[in-house]
């Protein structure tokens, strides 16, 4: 059974008439959901989303194989075909696994509304990367003269979330590209916003890319870059030798006991020890080990 569309889209579509079609129809919560031939559907050339992650797309294909297309596409008639207003990921996945039809709402939507519906649908439904989300939010605000408060209410997000997302647009294009490719996360990107020197910003981004640095590690790196007087004192050669001889074994023991990454910053007089955990189960395992050692 098709799911109801999101609140923001429901409000937009409430007063838009359906096309009159002879295709099979099912009424779902007041909406006419048609079974439309995939061969008669075309993507929107102005689709806001430009990058479709391969792994996420394969997951969607697997889900559709099992459950079918649960959320109807939104289409508009264009000549003999129907153009996608919202739902291109579902269309691509259904086509890839060989489906002949997909559920869809077919609306009489004018060109001025198509872009807004596409943007809101992407923001509410699809797993946009952080830069695509920021660009969509920025375009909606400029298109309709929305304030951050009004747009936040429109798409069902907190105003602070909208504001923080928009800040990412200040990043260098090369850093944005790393976000689009999922090589750095939204958290990494947010950590880089205060770094206004472009070369440094790009350098930090590549250092963190592909899982080479956690968000917390990057935040510390940025903090010390912006406040060098607060950075840990660099060790002399003699201190490094002493640390390698006396403390590296201590860190190695901790790694062995906790079976995770352990990092020591500082020296034998002052510093910090970082113990990584990667999910709730991992944290519980470390907690139980520490309980046994009490």
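Residue numbers (my numbering): 626 to 919. Note that the Cβ used here is the ideal one computed from N, Cα and C, for glycine as well. Quick caveat: nothing in here was measured; it's all calculated off a predicted structure.
Range covered by the alpha helix (DSSP H) that runs through residue 662: Element bounds for residue 662: not the alpha helix (DSSP H) but the beta strand (DSSP E), 656 to 662.
Residue 820 - containing beta strand (DSSP E), residue span: Note, residue 820: premise wrong, no beta strand (DSSP E); not H, not E.
Check whether residue 911 and residue 902 have beta carbons under 8 Å apart: yes
Proximity winner among 665, 872, 661 and 883, relative to residue 705 (alpha-carbon distances): 665
Three-pair Cβ contact test at 8 Å for the stretch 794 to 804 versus the stretch 734 to 745: The answer is no - the stretch 734 to 745 does not touch the stretch 794 to 804, with fewer than three Cβ pairs under 8 Å.
Cβ contact check for the stretch 800 to 815 and the stretch 828 to 842: 3 or more pairs under 8 Å: These segments touch.
Beta carbon of residue 728 nearer than 8 Å to that of residue 694: yes
DSSP state of residue 919 mapped onto helix, strand, coil: The answer is coil: DSSP assigns residue 919 none of H, G, I, E or B.
Beta-carbon proximity check, residue 731 vs residue 643, cutoff 8 Å: yes
C-alpha distance - residue 714 paired with residue 657, whole-angstrom precision: 21 Å
Bounding residues of the alpha helix (DSSP H) (the contiguous stretch that carries residue 714): 713 to 721
Beta-bridge partners of residue 730, as assigned by DSSP: 699
Residue 815 versus residue 691: straight-line alpha-carbon distance, rounded: 37 Å
Delimiting residues of the beta strand (DSSP E) encompassing residue 689: Careful: residue 689 lies outside any beta strand (DSSP E), inside the alpha helix (DSSP H) at 679 to 692.
Span of the beta strand (DSSP E) around residue 771: Careful: residue 771 lies outside any beta strand (DSSP E) and carries neither H nor E.
For residue 804 and residue 782, the rounded distance between their alpha carbons: Cα to Cα, the separation comes out at about 21 Å.
Close beta carbons around residue 917, own chain, < 8 Å, minus the five adjacent residues each side: none
For residue 761 and residue 748, believed in contact at Cβ under 8 Å, the rounded distance: Contact flag correct, Cβ pair sits at about 6 Å.
Residue 857 versus residue 890 - alpha carbon distance: 8 Å
Best match in 847, 908, 667 and 896 for proximity to residue 699 [C-alpha to C-alpha]: 667
Nearest to residue 812 (by Cα), restricted to the options 754, 707 and 764: 754
Distance, residue 765 Cα to residue 915 Cα: 50 Å
Exposed unless 16 or more other CB atoms sit within 10 angstroms - verdict on residue 743: When all chains shown are included, residue 743 counts as buried.
Within 8 Å, strictly: CB atoms of residue 709 and residue 716: yes
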